[in-house]
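Residue numbering for the sequence shown follows my numbering, starting at 38 and increasing by one per position.
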Amino acid sequence: CAARSPGRCFVSAANWQHVLICALLLAAKTWCEDPYTVSDAREALSDSYDLSRLPDLEAEMCALMHFNLSVKPRTLYEYYFALRELGRTRLRAQGKATTPVSRKTQPYLQR
């Protein structure tokens, strides 16, 4: 953002359009089943706006929101296997067949 103090970004007449585009792009990435990408925004808006700094603005906006863009592998595995087991439980309750857990993934379930 153009004007900034620690932990704050000020929307101004000079940057409000880029901030809005970035906010909409982040919302679409979070909410939509088929998320938009920076290249989609560039393609759609390149005639109207200079979006060359959009990836930088996006990263800065995420940092200002304290949005963690990285996930530790252990956390990923915990959620992945918990969701997978939940799905299997639901399938079994519906009387549908499920595939067994492979030997490669069993150690992660025992942590």
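Backbone N, C-alpha and C define an ideal beta-carbon position, used for all residues, glycine too.
- DSSP lists no bridge partner for F118.
- Closest option to A81, judged by alpha-carbon separation, among I58, L120, A119 and K133: I58.
- A96 is positioned such that its CB atom lies no closer than 8 angstroms to that of L88.
- For the pair L94 and V48, the Cα-to-Cα distance works out to about 13 angstroms.
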